[in-house]
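Student:
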Amino acid sequence: MTLGESAYATRHTRRRLAPLPDGWLTINESNDRLIRLSGSGAAEVVADFGSWEIDPADETAAHGRERGVGLHTSADGRFAAVTDDYGWHASVVDLAAGREVFTLRRGEGWDSWTVPFGVAFLPGNSLIAQTDWNRIDAFNLPSGELLTGDEPGSDGERRDRSFEYLGALHASPTGRWLIVDGWFWHPDTWDVPVAWLDEDTVAVQWLNSHSTAATFTDLFHAPTGEQTKRLYGLQGPMWGHQGKLYVSGSAGLETWHPESGRIEGLVAGIRPTAHNPATGGFAELVDGTLRTFHPASGVVSTPIAHYGA
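Per full-length UniProt numbering, the sequence shown starts with residue 1, numbered consecutively.
1) If I measure Cβ to Cβ from residue 123 and keep anything under 8 angstroms in the same chain, skipping five residues before and after, which residues do I get?
2) Taking Cβ to Cβ, would you say residue 275 is nearer than 8 angstroms to residue 239?
3) Within the same chain, show all residues whose beta-carbon is closer than 8 angstroms to that of residue 280, passing over the 5 residues directly before and after it, in chain order.
4) If we count the other Cβ atoms within 10 Å of its Cβ and call it buried at 16 or more, is residue 168 buried or exposed?
5) Quick check on the DSSP output: what are the complete beta strand (DSSP E) runs of length 3 or more inside the segment 236 to 303, in order along the chain?
6) Would you list the residues sitting across from residue 31 in a DSSP beta bridge?
7) According to DSSP, simplified to helix, strand and coil, what is residue 113?
8) So which of 244, 273 and 285 has the shortest CA-CA distance to residue 261?
9) In this structure, how does DSSP classify residue 232 when only helix, strand and coil are distinguished?
10) Provide the residue span of the beta strand (DSSP E) that contains residue 21, from first to last.
11) So the candidates are 77, 229, 277 and 298; which of them puts its Cα closest to the Cα of residue 257?
12) Leaving aside the five residues before and after residue 155 along the sequence, list all residues of the same chain whose C-beta is less than 6 angstroms from its C-beta, in chain order.
13) Using beta-carbon positions only, say whether residue 17 and residue 36 come within less than 8 angstroms of one another.
14) What's the call for residue 226, buried or exposed, on a 16-neighbour Cβ count within 10 Å?
15) My guess is that residue 273 and residue 237 are in contact by the Cβ rule of under 8 angstroms, so how many angstroms apart are they, rounded?
16) Terminal residues of the continuous beta strand (DSSP E) containing residue 104?
17) Which same chain residues end up closer than 6 angstroms to residue 199 when comparing Cβ atoms and leaving out the 5 residues on each side of it in sequence?
18) Under DSSP, the beta strand (DSSP E) around residue 218 begins and ends at which residues?
19) On the premise that residue 80 lies in contact with residue 25, defined as a C-beta separation below 8 angstroms, what is that separation, rounded to the nearest angstrom?
20) Can you look up residue 197 in the DSSP assignment and give me helix, strand or coil?
21) Roughly how many angstroms separate the alpha carbons of residue 291 and residue 46, rounded to a whole number?
22) Find the nearest neighbour of residue 116 within the set 180, 268, 218 and 93, judged by alpha-carbon distance.
23) Assign residue 121 to buried or exposed, taking buried as 16 or more other Cβ atoms, counted over all protein chains shown, within 10 Å of its Cβ.
24) Mapping DSSP to helix, strand and coil, what is residue 86?
25) Leaving aside the five residues before and after residue 218 along the sequence, list all residues of the same chain whose C-beta is less than 6 angstroms from its C-beta, in chain order.
26) Kindly indicate which three-state DSSP category residue 177 falls into: helix, strand or coil?
27) In terms of alpha-carbon separation, which member of 86, 178, 112 and 34 lies closest to residue 127?
28) Where does residue 191 fall in DSSP's three states?
Right under this line is the structure:
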């Protein structure tokens with residue numbers, strides 16, 4: 001797979017912008033500070049974290065993935081995780097305290113180069129994170145205390161590891177369900193767009209064999225795993241909001257109705273990379289300029305330049 005062939009997957013997995021209850025969070029160019037952005041144009045450095053050196057020879061990861069920095073936030077806006085996507089480092093930051101509270105690390109094998117660093121914040125001050133190519137653990141926040149055990153089963157076999165190569169983690173709105181995006185034995189059809197429509201319904205885009213485009217999108221009932229609907233035409237990062245799917249497509253932000261399977265609207269000129277569940281807003285940050293869109297108002301904001309983006 002070439003760099004061009006993996007561009008579709010790279011676009012929807014690369015995250016340098018994440019939601020906060022009162023705005024957005026991004027990373028400075030030096031990858032060592034977190035910056036809060038507001039819609040009014042204000043930008044404030046809220047925390048420092050320990051950056052990591054990336055050997056230029058390692059910048060292109062396995063299967064054409066480009067190693068880079070990802071950003072994730074908790075729903076209440078207190079915590080953030082900065083991840084070394086297609087690498088093996090991560091930093092967990094307490095935004096209220098303005099500092100890094102603990103670090104994470106997964107194996108340095110080639111398998112880590114195939115997937116983003118999997119993390120997901122859950123309600124109740126806990127974090128689910130990948131700690132090896134086939135293992136995820138739970139941690140208390142902000143202490144970093146390990147909440148998962150490492151005990152073998154009655155037959156002596158370990159029960160805490162999977163035979164799958166784990167990647168991105170997608171928690172349902174209440175944290176009851178967790179989708180793990182990875183691959184089994186041979187890398188094929190992973191790094192796919194995933195969106196929760198509600199607590200029990202998740203949408204998954206399936207990519208073609210070259211990961212250059214989506215072939216269709218399936219809806220699943222999480223408690224049973226049953227496929228309930230198949231949609232065609234969705235292409236790009238997507239999010240669920242008020243029962244509809246919003247897709248960052250090639251022409252702009254699309255609105256899709258899951259029941260009819262039809263596109264209902266298009267906001268041209270903005271291709272968001274982040275969604276804010278608290279406000280319903282969408283945002284993109286391009287060359288230091290923030291643009292937002294709110295479905296309730298139907299207004300795309302005037303571009304706002306921000307320091308350090």
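Note that the Cβ used here is the ideal one computed from N, Cα and C, for glycine as well.
Tutor: Based on what the coordinates show:
1) 75, 174 and 175
2) yes
3) 241, 242, 294, 295 and 296
4) buried
5) 238 to 241, 244 to 248, 252 to 257, 262 to 268, 282 to 286 and 289 to 294
6) Residue 31 is not bridged to any residue.
7) helix
8) 244
9) coil
10) Per DSSP, residue 21 belongs to no beta strand (DSSP E) and is neither H nor E.
11) 229
12) Model confidence at residue 155 stands at a pLDDT of 49, short of 50, so the residue's coordinates are unreliable; what they give is reported in the following sentence. There are no such residues.
13) no
14) exposed
15) 7 angstroms
16) 99 to 105
17) 172, 173 and 174
18) 214 to 221
19) 6 angstroms
20) coil
21) 21 angstroms
22) 180
23) buried
24) coil
25) 204, 227 and 230
26) coil
27) 178
28) coil
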